[in-house]
Every structure is written in structure tokens, then in C-alpha cells.
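Quick note on the working numbering: the sequence shown kicks off at 20 and runs consecutively. Beta carbons are placed, not taken as given, at the ideal position from N, Cα and C, and that holds for glycine.
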Amino acid sequence: MKLIRIWFALTLIAWILLFAIFYFSINQSSVSKEIAIWDLPNWGNNKLANVIKYPNFSKLKEEISSDLNYYDDEDTIFPLNIACKPDSFGYTFSEAERWFPSKTYPRCESLYHSEPGMINIDFAENKLYMNCSGWYVLGPAFEEIGSMPFLKPLLPYENPVALTSQEYAFGTCDKSKSDNFEHFVYKLRPKDLALKRAENYFKGEKPLNIVMLVVDSLSRRQFFRKLPISLNFLKNLSSNYSFFDFKLNNVMGRNSHFFIMPALFGDIKYEAIYRPYREDYHTENSIWKKLHEKGFVSFFGSDGCVDSFSAFLGRAPKIDHIMGSVFCAAKRFYGYDQDLKSQRCIGNKNAHKIIMDQILQFSEAYKNVSRFSYAHINTNHESTGTVISTLDLDLADFLTDITSRNEDLVLFIKGDHGLREGGWFQTTAGANEHRIPLTFLIASNSFLEKIPNSLQILSHNTKRLISNFDFYNTLLSLGHPNQTIFIDNSKNTSRRYRSYNLFKDCISANRTCADIGIPLEWCSCLPVKNIDEKHLNDPLILMIANEVLLKINMINKCNRPTDACGCKYLSLGSIVKGGIVDKNNDVYFKITFTTNESKYAVFRTDVRLSKIAINAEGNDIFKSIPIKIKDMKYMKIMNVNRIDAYESKCVIENKLNKKDQMYCLCNKA
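And the structure:
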């Protein structure tokens, strides 16, 4: 009798547990959830999808391709057996056009007419000249970076104006004007001390010109979409140069400082410090100090009158030439802003052209010594994704000029991160437009010939995951006058992460985001372990898929099966495939599923479970959801994708603003 009671009690407990599992698996509420506990790490089969053995360098016999095209990121990377292989490199052309339709802008010359020579700075006499009487305003005698009010007075021009160390001025011949001046001049003023310091180091070596031209928020694919003239220049690059297209430079975080700090300072501790003082926070580790010690002069310019750099660098880093206050002046006189959704003219030049012209002046002024310049351009720092087209002709002109000089050149054209607009919190393509920024390199063959096997090594590394720390390592090495000597700067870059010299080290095929300090939430190639088929219908997997469908139905404004909607109410069909990544405070799922409403539609979603709160972005249509799963407290749908061929023809009003209705299965009338 006692055994019967025990059997009955155990049976009852089992039925209660089964009922609880069933109840929580079908619960689609978006409020806090509590479900059964699983040993998550045991779900995977512990096989990473694409890890291979490291290839021998002797087998590298690849030719560098000059055939640049929009999809050669996929064509190149997808066939490779490498650990980091993104599901997507960004939008297709048609997807991008829906988010960012093409738009043309007038040239600044057509908006501001200024005859040559109307305003000039003469360094020989150290005076400002204008060919008319009117108004003028001078720039400051000392430059710093960051946001600052421009308070210089507007003065009447009568006679030549004596200068101290000013480099720019605005002017007008129209005495009725107090802003939007038609005349503008900016001349870089060479510094004798910087030149002598560099000349004392160099003893007959050919100088090297290193340029980092960084365009904020620019992905590789957006470059192809919006800059056809510059692209054509690269396709027809002079035979004196080699071109390299690095397809896997993954961001380390959301904003600019996640690039600029590791790339220019290495692996150091830093934080944002907003102070109005002329300080340099990280002199000892700065790349300009390291290069100064090797005979370089330095330039830093940014066209954003904001504190996004000064908070991390200090307002007065020890750089030979700093450029920034002119854009604060432009705020006052031209209504300039780095986030403008329209063309940014300062006189008859785009803001970005003013910076690129200064790099050319800097290159010429110090042509007999080695130079390092960093320019940060914000033309693409706006929400329409169209103003970037104003960069095209100016960039092509800059590339023409910088490559026409008879010198050793290393030119990086980069995005600090990719595009942060459109569907970057909706689809994998949108997310990876942000995660995979543009990374191009132009190098003169005369310089590459000094580095053994550099052509093959650089070509190899264009198809590997590269780190922002790799740029610091590379810049340290480029500063050495004898490039035939190999110096390992990995430990000088980071004690935590292995970094590589892009010119001299072959990067491993097994490199992952974790190897280089990239948080998984920003990784374009999650190291997913396949979930065994027997676990695909586990209640947690079903709950995640149902929650995704709940959000899709909300976006489609079809919250119940009985609603009269333009789109079908979607319910879960089957789980086709699953993957999991368990890392520290987070668990990531990649789930592929179908719906009962279509035999063709297949969805794939990336979902993050976290112990800590997940901040939502302003344009994020998938908000964080409070949950209770073991010690996980938050769930975040990172993206939802249709992976079948589809073409939605429904005309509905929903949160996607008609730009991409891939979530909608049409209800036929």
C-alpha cells in the first residue's frame, strides 16, 4: 500500500510538471515570464561551424583582385573555412534603396559665389588681405578639439590685418551680411619646431606619409551605393599603388571611441571626462607620441564641433597640428551641424573638403619628413543616409591629388563604425551594416617593396577578421625606418588580446570576436553551437519563437487571429534549426522557424537573454522584455529576418513605414 502511495505521488508530481511546462511554452504574454530551468550549455554539440586548421603561408599564391563589386564580400568570404563568417554583409541594393532613396545635392560653389583671391592669408607678411571693403572674422591663435563657443568679433575690413598664428578667416564684401559669408580661406601654418624635430631624426631615408581618413558611420556597402565616382577611381588606381579591401573589420562597440581609442592608443583604460581645460589624457600611449619619437609630424582634424573626442583624448592632445574650431565658427555663421540632414557648405566648400584640403597642405608643407594625419569626417553622421553622396566628387579629387605625389604613401579610408540608421535594429543585414565598417587601404608599391611578402600578407588579411588593435600595432610598426626588420608590437598594443601587423603578420583563420575583445552583442559572426535536434522543441525555444511572432504581429497591427488585418496573423509552425552561444552574463540564440500560415515563409531570429538590463535605442522596434529564466532577467530580440525569397505586395500602415514589409504575409481579399 505504501508503494502505491509513493507511485501515485510521483505520478501526480510528473503530471504537474508536464502541465507547467506546457503552460509556459504556450504563454505568449510580453510581461515577465518564469519557466523551467535547463542546463543551457549542454544543449550544444560543441562543434563550431567553421573552424579550420591554419593554412601554411607557403600556400598563399593569391593575386590581388582589382575587380571591386558590391557583393564580392559574400563571394569572397562565404566559400572560406574561417571562424568568423557573417550571415550577411548588409543590405541588398534594393533593400538599401527602400531605406535610403537616392538624392542629389547642388555643389557648394553654386550656392556661394567667391572669386579666387578675394580673401588671402600671406604668411610671408603674416597678414590677412581682402580685395574689397566689408567684414571679416579671424580664427583663434591656438587650436583645441571639442565643442566651444566661437566668440571672435566680426570686424570691418579697411586695410591688411596683422596676424599672430591664425590659420583661417571668413569675409564678405556685402556690409549688410553678418553670416553666410561667401569668402573663406584656411592655410596650414608650418611649425619650425616640428619640422626641425623630424629633420633631426631622418638621415636620408625616404619619408613616409601615413593618412587615416575616417568617415563616421560608413559601411563598406554604403560606399559602393553612394560614392560611385570614388569607386571608379579605385577601380582604375594608378599602377604605382596597390589597393586592399578588408572585408571583416568588426566594430568593438556602438560609437566612435570604440574605434579611435584602440586604434590610436592601444589597449588602455579610458573613460569619458568632460572638462573645459587644455589637457592631454593619454599622451604616453598615443600613436602620435610614438611616431614623433621616430621623426614624424602629426595632424588631427574633425569636422564635428562636439565633445565626442575631447572627452576621451582631452582638449589639447600633443599633436603638431589640430583642426576643429573652424566648424564651431561655422555653427555660428552657417548654421552648421554634424547631424544636419542637408548639405554642409562652409562658403563654397563642403565641410569635409576643408579637412581634406588641410591634409594636402600638411602633406606638402612637411614633404621632406614623415607625416601622420588623422581626419574624422562626419558627412554621413545623419539619419537620411543620403548626404554622404556630397562626399563623392571631393573624395575622388582628394584621392587624385594624394596619389599624384611622388612619395611613399599608406592611406587608410575607414568607417569608425558602419551605418546606424534604417533597419540596424531590425534585420541582420541592417545590424551588420553597422558592425562591418568600410576598411580600404591604398599603399604605394615603392613602400610595399621594402616589406618582404607584404602584398601576399595584406591580400591574405583582407579575408580575415581584423581588430581595431591591429591598426595600433600596424602604425607602431610603420613608424620604424627599416621595414625589413620585423618588430613584434603585439605586447606593446595589448596584454589581453593578440594583435597583428597587417603588413607583416598573417591573421589566423580561427580568429573570433572573443579573441579581440569584441562583445558578442556587436559581433557580426556569433560562434554559434548547433542545438541538437531533440532539443529544438524545448519550451524555452518555443517561448522565444512565440515571443518573436508576437512582436511581428504587433508590428503588422494584427494582434489576434480574428483581427481584420492587411497581414495574416502568424502562429508558430515548426522550429527548423537552432544555435546557442553561452557567454558570461548573456546567452544568445539563433532560431530558424516556419509559420502555420505559409508553407514558404521561413524566419530566422537572433535573441539575447541577459542578467543585466539591455539599453534600447531610440529607433529600436524590438524593445527589451523582462523575463525570469534561471538567473536571466531580460530578453532582447536583436533582429528578425525572412530567409526565403519573398516580395510583399501588401499596402499597410505599420511601424516599418512601408520600407520593408517582409514580416507581412498578405491577407487576400
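Measure the CB-CB distance between residue i and residue j and report whether it falls below 8 Å.
{"i": "residue 232", "j": "residue 427", "result": "no"}
{"i": "residue 333", "j": "residue 286", "result": "no"}
{"i": "residue 594", "j": "residue 522", "result": "no"}
{"i": "residue 240", "j": "residue 109", "result": "yes"}
{"i": "residue 605", "j": "residue 627", "result": "yes"}
{"i": "residue 361", "j": "residue 406", "result": "yes"}
{"i": "residue 326", "j": "residue 355", "result": "no"}
{"i": "residue 170", "j": "residue 146", "result": "no"}
{"i": "residue 689", "j": "residue 149", "result": "Given that the chain is displayed from residue 20 to residue 688, the structure contains no residue 689 and the question cannot be resolved."}
{"i": "residue 317", "j": "residue 310", "result": "yes"}
{"i": "residue 259", "j": "residue 472", "result": "no"}
{"i": "residue 291", "j": "residue 331", "result": "yes"}
{"i": "residue 132", "j": "residue 218", "result": "no"}
{"i": "residue 268", "j": "residue 455", "result": "yes"}
{"i": "residue 483", "j": "residue 515", "result": "no"}
{"i": "residue 612", "j": "residue 592", "result": "yes"}
{"i": "residue 419", "j": "residue 264", "result": "no"}
{"i": "residue 489", "j": "residue 518", "result": "yes"}
{"i": "residue 122", "j": "residue 408", "result": "yes"}
{"i": "residue 587", "j": "residue 656", "result": "no"}
{"i": "residue 176", "j": "residue 158", "result": "no"}
{"i": "residue 487", "j": "residue 282", "result": "yes"}
{"i": "residue 380", "j": "residue 207", "result": "yes"}
{"i": "residue 566", "j": "residue 644", "result": "yes"}
{"i": "residue 313", "j": "residue 499", "result": "yes"}
{"i": "residue 104", "j": "residue 542", "result": "no"}
{"i": "residue 174", "j": "residue 197", "result": "no"}
{"i": "residue 261", "j": "residue 474", "result": "yes"}
{"i": "residue 434", "j": "residue 457", "result": "yes"}
Grouping DSSP H, G and I as helix and E and B as strand, with all else coil, what is residue i?
{"i": "residue 573", "result": "helix"}
{"i": "residue 419", "result": "helix"}
{"i": "residue 657", "result": "strand"}
{"i": "residue 604", "result": "coil"}
{"i": "residue 117", "result": "helix"}
{"i": "residue 240", "result": "helix"}
{"i": "residue 268", "result": "strand"}
{"i": "residue 375", "result": "helix"}
{"i": "residue 623", "result": "strand"}
{"i": "residue 499", "result": "coil"}
{"i": "residue 227", "result": "strand"}
{"i": "residue 67", "result": "Confidence at residue 67 is low in this model, with a pLDDT of 33, below 50, so the placement of that residue is unreliable and no value is reported for it."}
{"i": "residue 466", "result": "helix"}
{"i": "residue 19", "result": "Shown here, the chain extends from 20 to 688; a query on residue 19 therefore has no answer."}
{"i": "residue 353", "result": "helix"}
{"i": "residue 388", "result": "coil"}
{"i": "residue 448", "result": "helix"}
{"i": "residue 181", "result": "strand"}
{"i": "residue 202", "result": "strand"}
{"i": "residue 172", "result": "coil"}
{"i": "residue 347", "result": "helix"}
{"i": "residue 562", "result": "helix"}
{"i": "residue 427", "result": "strand"}
{"i": "residue 254", "result": "helix"}
{"i": "residue 686", "result": "coil"}
{"i": "residue 532", "result": "helix"}
Across which residues does DSSP place residue i in a beta bridge pair?
{"i": "residue 394", "result": "232, 320"}
{"i": "residue 263", "result": "460"}
{"i": "residue 596", "result": "611"}
{"i": "residue 191", "result": "154"}
{"i": "residue 584", "result": "Note: residue 584 sits in no beta bridge, so no partner."}
{"i": "residue 432", "result": "232, 459"}
{"i": "residue 725", "result": "The requested residue 725 is not part of the displayed model; the chain covers only 20 to 688."}
{"i": "residue 617", "result": "614"}
* Asked: Does the count of Cβ pairs from the stretch 465-475 and the stretch 553-563 closer than 8 Å reach three?
  -> no
* Asked: Do the stretch 359-374 and the stretch 401-420 meet, that is, are 3 or more Cβ pairs less than 8 Å apart?
  -> yes
* the stretch 444-459 in contact with the stretch 109-123 per 3-pair CB rule at 8 Å -> yes
* Asked: Any contact of the stretch 525-536 with the stretch 499-510, i.e. 3+ C-beta pairs under 8 Å?
  -> no
* To do: Inspect the CB distances between the stretch 448-458 and the stretch 245-253 and report whether three or more fall short of 8 Å.
  => no
* Scan the stretch 276-305 and note each continuous alpha helix (DSSP H) run of 4 residues or more that stays entirely inside, going in chain order. => 276-284
* To do: Please go through the stretch 82-161 and give each complete beta strand (DSSP E) segment of 3 or more residues, from N-terminal end onward.
  => 138-141, 146-149, 153-157
* To do: May I ask you to verify whether the stretch 153-165 touches the stretch 342-357, counting CB pairs closer than 8 Å and requiring at least 3?
  => These segments touch.
* At 4 residues or longer, and completely inside the stretch 505-530: list those alpha helix (DSSP H) runs for me, N to C. => Complete alpha helix (DSSP H) runs here, min 4: 509-512.
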